[in-house]
Structures are given as structure tokens and as C-alpha cells.
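Data block below; observations after.
Chains as they are written, first to last, in this note's numbering: chain A, 1 to 82; chain B, 83 to 164.
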């Protein structure tokens with residue numbers, strides 16, 4: 001398992017409820033892909049969302065976000081953390 | 083206080099020790115700027131580092147990273163989180 005930081009652009013104006021709904025949609029199916037989404041943070045003004053997850057590989061993160069209806073623009077394995 | 087996600091590019095090849103040293107350099111001076119750095123994650127292959135902090139404003143985050151010798155390329159107020 002590796003930690004991943006994925007990034008969504010073009011999310012300007014995202015609301016707290018929309019972020020929660022999107023996160024819940026990920027949580028509802030993540031087990032099928034072996035992924036665990038831990039946190040998501042949004043900058044509604046610039047339209048950027050960051051999601052932190054633990055997953056077997058980037059493809060699994062990609063599949064969960066695609067199936068949930070909000071594909072990620074970037075998926076980075078963050079192999080170092082403090 | 084607001085949470086901020088800041089991003090550093092061009093960090094390809096960063097090591098675990100370098101990430102820890104950089105984080106420690108932030109921690110050593112952050113109180114002078116009223117900032118609290120919580121986590122940092124690095125993708126050494128693509129050279130991206132993400133730092134999560136809590137701070138009075140983006141300028142304070144900017145000052146800590148600059149004074150510690152590793153200016154951020156992006157600083158985003160992440161006003162929403164799950």
C-alpha cells in the first residue's frame with residue numbers, strides 16, 4: 001500500500017456539501033478497489049481539490065474517482081511523509 | 083486561522099532525510115509567524131512536495147518557507163475539508 005495525493009482542477013465554487021458528497025461517493029465504492037480515502041481539502045476560490053488516500057497503486061485511485069464521477073487530473077504517489 | 087496546502091515543484095530526488103530536515107527548519111521558526119505545519123508529503127519521482135499548515139494568512143506560510151530556505155511555488159487556502 002502506498003499513499004497518494006491526487007489533485008482535481010476546475011472545481012471553482014465547490015461547496016462544503018459538494019465536497020462531502022464527492023467524498024462519500026468515493027467511500028461508498030473504495031473497498032471494491034482496495035483504496036482508503038483519508039482526507040480531502042478544497043480551495044473553492046482557485047478551484048483545486050486535494051485528496052489523500054492509501055491504495056495498492058495509482059490505477060486503483062483513478063478507478064474510484066472515475067467511477068464516482070469526478071476523475072482526478074493528477075495522481076501522485078507520495079512515498080515520503082512527515 | 084485557516085488551513086493552507088502549499089506546493090513545491092522541482093524537488094525530484096528528494097530524500098526522506100531532506101524532507102525531514104526541511105520540515106524541521108519550518109518547525110524551528112513557525113511560531114514566530116503564528117504558523118503550525120502539520121504534515122508534508124513528497125513524490126520524489128515527479129519532484130512535488132505538499133505541505134499542510136494552519137496559519138493566520140498565506141503571507142505567513144510564505145514567510146516561514148522563504149526564511150527556511152525553500153519557498154513555496156503555490157499556497158492555497160483550503161477552506162473546506164473532510
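From the three backbone atoms N, C-alpha and C, an ideal C-beta is built for every residue, glycine too.
Values in this document were obtained by computation on a predicted structure and should not be read as measured data.
If you draw a straight line from the C-alpha of residue i to the C-alpha of residue j, how long is it?
i	j	result
residue 103/B	residue 132/B	15 Å
residue 128/B	residue 75/A	11 Å
residue 101/B	residue 70/A	31 Å
residue 5/A	residue 109/B	23 Å
residue 82/A	residue 39/A	16 Å
What residue does the alpha helix (DSSP H) around residue i start on, and which one ends it?
i	result
residue 61/A	58–67
Sort the options by Cα distance to residue i and report the nearest one.
i	options	result
residue 34/A	53/A, 68/A, 11/A, 78/A	53/A
residue 155/B	145/B, 83/B, 98/B, 89/B	89/B
residue 94/A	44/A, 65/A, 37/A	In the structure as shown, chain A begins at 1 and stops at 82. Residue 94/A is therefore absent and cannot be evaluated.
residue 10/A	80/A, 81/A, 62/A, 43/A	43/A
residue 61/A	81/A, 23/A, 80/A, 82/A	23/A
residue 147/B	162/B, 164/B, 160/B, 107/B	107/B
residue 145/B	96/B, 94/B, 111/B	111/B
With H, G and I counted as helix, E and B as strand and the rest as coil, what does DSSP make of residue i?
i	result
residue 113/B	helix
residue 40/A	strand
residue 104/B	helix
Which first and last residues belong to the beta strand (DSSP E) in which residue i is found?
i	result
residue 155/B	Taken as a continuous stretch (DSSP letters only), residue 155/B belongs to no beta strand (DSSP E), as it is neither H nor E.
residue 8/A	2–8
residue 136/B	130–137
Inset, instruction - Give a yes or no on contact between the stretch 54–62 of chain A and the stretch 24–44 of chain A, applying the rule of three or more CB pairs nearer than 8 Å. - result: Yes, they touch.
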